[in-house]
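Chains as they are written, first to last, in our numbering: chain A, 1 to 288; chain B, 1001 to 1288.
The C-beta atom is built at its ideal place from N, Cα and C for all residues, glycine as well.
In what follows, a single structure is set out as structure tokens and then discussed.
Right, here's the structure in full:
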């Protein structure tokens, strides 16, 4: 490994850890500000837990930090950062670029999933990652899942993602938005998971700095726009019927994660900590 | 198709519909008898809905009747009987016996899933089916999912299944019990789904009457033993903590159904009604 390779891994990791710290601080601040329904409850605080990944032979091979908050605005939010390395299983290596001949890999990522108390506040997901085999690439995205259609929230979210993408070429945003719509889709119900956002994978343009900047900008755009949406909606009153609707919509989220999400399957297949993978699951769900 | 073929299809279908009527009547009777927690609520009654299956070309190709009850003992119980026919998709046909050359199929089945109000009453699943391509076979099984380990319930259930299997040869029960333990297993958590029961598939011994008798006997054993278990436990008091534990255990049930259950995948791949397939989902679930 060259000094450049080492430096890039470190910078990607630092970027994700720094974004994690910023998101956790903002989300805790929002908990403190809250004056709407459930204000009598204590404001939430993040709890951090170390997680460990195990290789096929049972040995430890990196791990991460799972930050989870259960609050009065954020019913359950997980912000996971993990940095792992090891060997992909033979079958799996065939499907991963640059791993066919040499199954060793290294990966760092941040993953955020928020399920909210107030049914009028959209749920959200954001994930960015840097993956290294004999090749290296970035992947990631962010998407919004409103429980009730809301044009203002959706268009704010899309505009933020577009601002992150626009410096990277005129087609970038449209391409990643379409990719997101195609990825976050439930074929068995023929319906989208939510309002979309952006999604990209195997990003390796040949200009590492430019690719890294895109990933960083998507994270910063997310850290900017999602708190705006939460603050706008968290005071809005809701009823038991709204809550019921939210819990049913969360069922679709579970169906997507367990049936179709490649990230979940990747985590399970590479032996990552089950609690860290399934922190994405909503805290309460109904299939009435 | 010979008269014998036609007669067998009709008898299998009649058997499943008759079992459905018996189960629904018994479960409604249990609702009426209830004197434990939630007795102030109205006793549940089954509601029947016709479901339709659609072929790849969009045409209707059989259907079924979904019987669902939401009660004070049975929080949500679905008893589906369906009789469908059509053509398997080319990819799927390769994996189904007798369908490689001719993708036409006919199938009749009964499927029962009960999620209970009282955390001390086990959830349960029972399914039997008769499948016809250029070959024909039976499949099915029944398994118990206690939320708290309970030796008495589990051993009653296992004993009933053994009584159904024993007339069919000395190894039958042991073989189907083991098959059940292997099938209802969550690899990602390395844990069994519940206390097990019996499971079998592609049963075609060459003696159709004998095979049909086994399937019928498994259904009758289930209709005998599960109501006994429900009646024994439904009056047992429970706490909020017991309920929480139940909702968390139900999460495992969801994970199994969406990630690993071939029955769910078969239904989705053959275009069956999504509500009928997912009636198996628990009404309320937590991933805290």
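Could you tell me the distance, in whole angstroms, from the CA atom of residue i to the CA atom of residue j?
| i | j | result |
| --- | --- | --- |
| residue 9 (chain A) | residue 62 (chain A) | 14 Å |
| residue 1110 (chain B) | residue 1190 (chain B) | 29 Å |
| residue 1033 (chain B) | residue 282 (chain A) | 36 Å |
| residue 172 (chain A) | residue 166 (chain A) | 7 Å |
| residue 182 (chain A) | residue 193 (chain A) | 10 Å |
| residue 175 (chain A) | residue 1202 (chain B) | 47 Å |
| residue 107 (chain A) | residue 130 (chain A) | 6 Å |
| residue 1204 (chain B) | residue 1145 (chain B) | 28 Å |
| residue 25 (chain A) | residue 41 (chain A) | 19 Å |
| residue 1044 (chain B) | residue 1050 (chain B) | 19 Å |
| residue 1046 (chain B) | residue 1029 (chain B) | 11 Å |
| residue 101 (chain A) | residue 93 (chain A) | 8 Å |
| residue 1259 (chain B) | residue 1274 (chain B) | 16 Å |
| residue 226 (chain A) | residue 1248 (chain B) | 29 Å |
| residue 1231 (chain B) | residue 1135 (chain B) | 41 Å |
| residue 1086 (chain B) | residue 1210 (chain B) | 27 Å |
| residue 18 (chain A) | residue 1148 (chain B) | 43 Å |
| residue 199 (chain A) | residue 39 (chain A) | 35 Å |
| residue 1287 (chain B) | residue 280 (chain A) | 9 Å |
| residue 244 (chain A) | residue 118 (chain A) | 11 Å |
| residue 1206 (chain B) | residue 116 (chain A) | 57 Å |
| residue 1074 (chain B) | residue 76 (chain A) | 29 Å |
| residue 196 (chain A) | residue 265 (chain A) | 21 Å |
| residue 161 (chain A) | residue 138 (chain A) | 16 Å |
| residue 1234 (chain B) | residue 1284 (chain B) | 19 Å |
| residue 298 (chain A) | residue 1068 (chain B) | What the structure shows of chain A is the stretch from 1 to 288, and residue 298 (chain A) is not part of that stretch, so it cannot be assessed. |
So who's on the other strand from residue i, going by DSSP bridges?
| i | result |
| --- | --- |
| residue 50 (chain A) | A:65 |
| residue 1077 (chain B) | B:1069, B:1114 |
| residue 1199 (chain B) | B:1141 |
| residue 1130 (chain B) | B:1108, B:1138 |
| residue 1191 (chain B) | B:1186 |
| residue 1087 (chain B) | B:1104 |
| residue 125 (chain A) | A:113, A:143 |
| residue 284 (chain A) | B:1286 |
| residue 82 (chain A) | A:64, A:109 |
Am I right that residue i and residue j are in contact with their C-beta atoms under 8 Å? What's the rounded C-beta distance?
| i | j | result |
| --- | --- | --- |
| residue 71 (chain A) | residue 113 (chain A) | Not really, about 14 Å apart at Cβ, beyond 8 Å. |
| residue 1065 (chain B) | residue 1048 (chain B) | 5 Å |
| residue 1186 (chain B) | residue 1252 (chain B) | 6 Å |
| residue 236 (chain A) | residue 120 (chain A) | 4 Å |
| residue 212 (chain A) | residue 90 (chain A) | Rounded, the Cβ-Cβ distance is 31 Å, inconsistent with contact. |
| residue 1218 (chain B) | residue 1164 (chain B) | 5 Å |
| residue 98 (chain A) | residue 133 (chain A) | 4 Å |
| residue 1238 (chain B) | residue 1037 (chain B) | 7 Å |
Answer with yes or no whether the minimum CB distance from residue i to chain B is below 8 Å.
| i | result |
| --- | --- |
| residue 77 (chain A) | no |
For a contact meaning CB atoms closer than 8 Å, what does residue i contact in chain A?
| i | result |
| --- | --- |
| residue 1259 (chain B) | 258, 259 |
| residue 1192 (chain B) | Within 8 Å Cβ-Cβ: nothing; residue 1192 (chain B) doesn't reach chain A, min ~16 Å. |
Could you confirm whether any beta carbon from chain A is found closer than 8 Å to the beta carbon of residue i?
| i | result |
| --- | --- |
| residue 1072 (chain B) | no |
| residue 1017 (chain B) | no |
| residue 1135 (chain B) | no |
Taking Cβ-Cβ distances shorter than 9 Å, what residues in chain A pair up with residue i?
| i | result |
| --- | --- |
| residue 1209 (chain B) | Those do not exist, as residue 1209 (chain B) stays about 38 Å from chain A at its closest Cβ, beyond 9 Å. |
List, in order along the chain, the chain B residues whose C-beta lies closer than 9 Å to that of residue i?
| i | result |
| --- | --- |
| residue 283 (chain A) | 1286, 1287, 1288 |
Residues of chain B with CB under 7 Å from residue i, in chain order?
| i | result |
| --- | --- |
| residue 188 (chain A) | 1268, 1274 |
| residue 278 (chain A) | 1287 |
| residue 255 (chain A) | 1258 |
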